[in-house]
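Add 15 to a position in the sequence shown, counting from 1, and you land on the number used in the working numbering. Think of the CB as a built atom: it goes at the ideal place given N, C-alpha and C, for glycine as much as any other residue. Report on the following structure.
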Amino acid sequence: MSKQAAFVRKTRLPRTAWLGRGFLGVAGVLILLYGGAALWSRPVPDTPWRTDAGPLVIAHQGGEKVWPSNTMYAFERAVELGV
């Protein structure tokens with residue numbers, strides 16, 4: 016074995032080192048992309064459904080176990096209740 020081949024062999028990184036460096040590289044790119052998106056993002060404008068007044072509540076099935084499930088009658092009664 017020549018001296019050059021021995022030098023290359025001794026300085027070669029093991030597979031786990033390459034995997035670790037690859038993982039750190041991918042993580043670094045993702046952090047940069049996420050940080051850039053956070054810096055250049057704009058706030059979402061308010062809509063009739065999304066305001067800063069509180070959480071958006073969406074009812075499902077219009078009063079299950081109170082009226083027949085998923086019927087117009089149930090939805091109308093839920094509206095009367097203010098739900």
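Distance from the CA atom of N85 to the CA atom of P58, rounded to whole angstroms, is 35 Å. In the DSSP assignment, A52 falls within the unbroken alpha helix (DSSP H) covering R30 to W55. CA-CA distance, F38 to A53, rounds to 22 Å.
One Cα belongs to Y88, the other to L71, and the distance between them is close to 23 Å.
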